[in-house]
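Residue numbers (the UniProt record's numbering), protein chains in the order written: chain A, 1 to 131; chain B, 1 to 131; chain C, 1 to 131; chain D, 1 to 131; chain E, 1 to 131; chain F, 1 to 131.
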């Protein structure tokens with residue numbers, strides 16, 4: 001019998017492997033676990049096992065909401081915004097949906113946040129076209 | 001022949017009347033136009049004529065993205081968050097979708113923002129049940 | 001011979017007494033010095049002795065810039081925003097200049113911040129008219 | 001044999017029971033689990049099982065750091081700030097240490113954030129004295 | 001007969017051409033209209049047609065208020081802060097007025113925001129001296 | 001007889017010389033006093049003379065609280081965060097205590113803020129190891 005906890009981490013791992021980047025936990029672990037033991041496992045459990053894989057909202061809408069939030073949180077979250085624009089593409093959102101989400105944030109977070117968000121999107125889209 | 005501009009304000013009025021609150025501009029005007037002449041018209045044009053009625057993203061997803069953004073912007077936007085939870089319901093989102101959107105923001109904006117967002121949602125949902 | 005420091009606190013006291021509220025340090029002291037010894041003196045020195053009384057920008061423009069900043073910092077600074085709207089009036093700004101400053105912040109801090117700012121201004125202006 | 005995950009939730013429950021409020025998960029569950037199933041469990045696991053009970057930093061310093069963070073995040077986190085001032089007292093911090101932590105934040109988050117933080121502390125301390 | 005809307009966009013274009021950068025809309029359009037059709041027009045209408053060209057506050061004070069707001073919004077708005085320092089110079093503010101505005105923000109947004117703002121100003125001023 | 005003020009600046013100078021960087025005021029002065037006359041003196045007085053050297057909280061805990069605050073304030077304060085990680089090391093905090101402080105902020109400021117904070121710590125720690 002599986003405990004609730006166990007499935008939180010396991011569900012997170014399954015979600016990331018299926019929807020995002022198979023080796024996401026490994027990448028995080030190599031970068032951060034030396035400094036903060038268990039950081040990679042904890043992040044996968046919390047973000048993907050405890051949030052993204054929940055019922056009630058599809059992955060694509062979840063990712064667009066994340067893009068919206070990271071846009072209004074400001075340009076300082078640019079690295080995370082870019083990663084989540086990638087994740088939004090992987091979750092089935094197209095470029096227009098992502099751009100529209102970001103631009104709408106001008107209403108709530110102001111023009112600078114929206115413009116910085118569009119700049120991040122342009123970078124991600126350009127790197128895809130260059131491939 | 002209509003100019004692009006003209007349709008921005010008109011489209012905003014049409015969008016608000018159809019999807020949100022028919023007399024939104026009037027409510028805003030009574031409250032703010034004395035202090036800031038033209039504020040109500042300008043808000044309708046910008047928020048609804050220049051953003052929500054754009055192609056490429058449906059009103060319901062737009063509203064969920066707005067709920068996400070207002071959640072991470074923090075508890076100080078509680079009045080606007082409540083209004084946009086109402087607008088999300090009017091745009092076809094159900095309570096679960098709204099609650100999931102808010103709770104997911106714990107990952108990006110931290111637990112306090114998500115908890116304040118859930119409190120706002122509880123208030124809106126309770127006022128609906130009381131009707 | 002006065003030291004530079006000495007004049008920082010003294011200048012702050014003189015500025016507050018002349019331009020704002022004669023007993024500002026006393027009000028702050030009664031409220032906070034028990035918890036944080038010297039808080040009132042330190043605030044007067046820093047805010048008014050080290051900033052507002054500097055050369056190069058007039059008190060009225062300084063206060064409008066403060067109103068702008070507190071508006072975009074969000075509704076959580078509403079108490080300080082109201083105090084600084086009072087200070088802006090005392091520094092010679094009129095209601096229109098204050099309202100225009102706040103509304104313009106919609107461009108940079110988003111609509112919710114600007115609307116919360118206008119609400120704060122309406123409260124301050126109403127309390128003046130009630131006198 | 002316990003899995004890592006299982007202990008994350010269990011450690012969080014043990015930490016909260018020992019250091020904070022024995023029925024914290026229950027209180028959260030009654031308030032939020034209807035809206036967001038599993039929210040209380042998830043919060044205990046993440047905040048207390050994955051963070052506070054970690055090695056390398058004592059609970060008291062952790063709580064003072066949290067008070068610092070909630071202070072600069074602004075007055076909108078006042079409810080959470082008050083709860084964490086309570087938790088800081090329970091973790092062995094005295095009123096002076098808490099007040100000093102908050103006031104220092106004036107340097108980094110500005111005076112309004114620090115003053116709102118002191119107001120929150122005054123409320124918590126007053127409720128203790130009233131008991 | 002001109003509609004109100006029409007003049008909002010037209011006024012914005014006239015304001016930008018006269019006070020800021022004649023080809024601002026074109027620059028924005030080349031950069032963003034492919035991603036977000038109509039973005040450049042919409043920005044000019046909202047920021048300049050609906051805000052800066054309003055009565056009741058002169059362009060120079062408006063720009064100083066914008067510099068204040070972008071300073072407290074944090075270093076992530078550095079690109080926009082630099083552009084608006086340029087616009088403040090074009091609107092008649094001198095270097096001292098701009099520096100004083102930024103430094104005063106240490107009181108409200110904290111020292112890091114003010115220091116990042118001064119760094120942005122130094123870059124803009126240096127690029128002028130290099131010309 | 002020394003005035004209270006005088007000792008505020010002098011105490012700040014003594015604190016910085018003893019605990020941080022002997023020539024901190026000089027470094028700041030060379031960089032900023034031309035733009036904002038007296039900035040370096042004012043910063044030393046406020047941050048170190050009016051805050052860090054106060055009774056009631058030890059320098060090490062003060063620095064960890066500062067690291068916590070700068071982490072949740074977001075990646076835009078990265079330069080100041082790095083300086084204060086250096087100051088925390090000089091105040092007796094070890095790498096683990098600093099890393100734990102930053103990672104805990106994921107609970108309050110969200111994952112992006114914590115990850116950006118860890119990145120800043122990694123840079124500082126790496127520069128020490130390279131020496």
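Ideal placement from N, C-alpha and C gives every residue a C-beta, glycine not left out.
This one's a predicted model, so the numbers in the text were calculated from it and none came from an experiment.
Whole-angstrom distance between residue 63 of chain F and residue 108 of chain D, CA atom to CA atom: 12 Å
Anticipated Cβ contact below 8 Å, residue 32 of chain C with residue 118 of chain D, distance rounded: 6 Å
Run of the alpha helix (DSSP H) containing residue 70 of chain F, from where it starts to where it stops: 59–72
Simplified DSSP assignment, three categories, for residue 121 of chain C: helix
Beta-carbon proximity of residue 38 of chain B to residue 12 of chain B, cut-off 8 Å: no
is_contact[residue 4 of chain B, chain E] using C-beta, thresh 8 Å: Caution applies to residue 4 of chain B, whose pLDDT of 46 falls short of 50 and renders its modelled position unreliable; the value that the coordinates give is listed next. It does: the Cβ of residue 4 of chain B has a partner Cβ on chain E nearer than 8 Å.
Residue 117 of chain D Cβ short of 7 Å to the ligand SAH heavy atom set: This structure simply doesn't include the ligand SAH, nor any ligand for that matter.
Residue 48 of chain C: first and last residue of the uninterrupted alpha helix (DSSP H) it sits in: Here residue 48 of chain C belongs to no alpha helix (DSSP H), and DSSP marks it neither H nor E.
Residue 130 of chain B beta carbon less than 8 Å from that of residue 111 of chain C: no
Cross-chain neighbours of residue 40 of chain B in chain E, by beta carbon under 8 Å: Simply none; closest approach about 12 Å.
Cβ-based burial, residue 60 of chain D [other Cβ within 10 Å; buried from 16]: buried
Residues, ordered as in the chain, of the UniProt domain "Carboxymuconolactone decarboxylase-like" (43–123) of chain A that lie near chain H by beta-carbon distance below 7 Å: The question asks about chain H, but that chain is absent: this structure's protein chains are A, B, C, D, E and F.
Same chain, Cβ closer than 7 Å to residue 72 of chain B, five either side skipped, listed in chain order: So the list reads 105, 108, 109, 113, once near-sequence residues are dropped.
Straight-line Cα distance separating residue 90 of chain F from residue 81 of chain B: 44 Å
Supposed contact pair residue 99 of chain F and residue 121 of chain F - C-beta distance, whole angstroms, cut 8 Å: 6 Å
CB contact check: residue 35 of chain B to chain C, cutoff 8 Å: In terms of beta-carbon proximity, residue 35 of chain B lines the interface with chain C, with at least one pair separated by less than 8 Å.
Chain A contact residues for residue 32 of chain E, given Cβ-Cβ distances below 7 Å: 118
CA-to-CA distance, residue 36 of chain F to residue 65 of chain A, given in whole angstroms: The alpha-carbon atoms of residue 65 of chain A and residue 36 of chain F are separated by roughly 42 Å.
First through last residue of the alpha helix (DSSP H) which encompasses residue 88 of chain A: 78–90
Whole-angstrom distance between residue 93 of chain B and residue 68 of chain B, CA atom to CA atom: 13 Å
Proximity winner among A:44, A:70, A:20, A:54, relative to residue 29 of chain A (alpha-carbon distances): A:44
is_contact[residue 8 of chain B, chain D] using C-beta, thresh 8 Å: no
Sequence-distant residues of its chain with Cβ nearer than 6 Å to residue 78 of chain F (five each side left out): 120
Helix, strand or coil at residue 101 of chain D according to DSSP, with G and I counted as helix: Helix.
Contacting residues, own chain, Cβ-Cβ under 6 Å from residue 24 of chain A (five flanking each side not counted): 16
Reference residue 8 of chain E; option with closest CA among E:42, E:19, E:21: E:42
Three-state secondary structure assigned by DSSP to residue 96 of chain F: Three-state DSSP puts residue 96 of chain F in a helix.
Other residues of its chain near residue 40 of chain E: CB distance less than 6 Å, five sequence neighbours each side excluded: 25, 28, 29, 33
Simplified DSSP state of residue 131 of chain E, which is helix, strand or coil: coil
Endpoints, alpha helix (DSSP H) assigned at residue 43 of chain F: 39–43
Residues near residue 22 of chain C in its chain [Cβ-Cβ closer than 8 Å; skip 5 each side]: 16
Buried or exposed by the 16-neighbour rule on C-beta atoms within 10 Å, applied to residue 128 of chain D: Exposed, because fewer than 16 other Cβ atoms sit within 10 Å of the Cβ of residue 128 of chain D.
Residue 31 of chain A - DSSP class collapsed to helix/strand/coil: DSSP places residue 31 of chain A in helix when its eight states are reduced to three.
Secondary structure of residue 19 of chain C, DSSP reduced to three states: For residue 19 of chain C, the secondary structure class from DSSP, reduced to helix, strand or coil, is helix.
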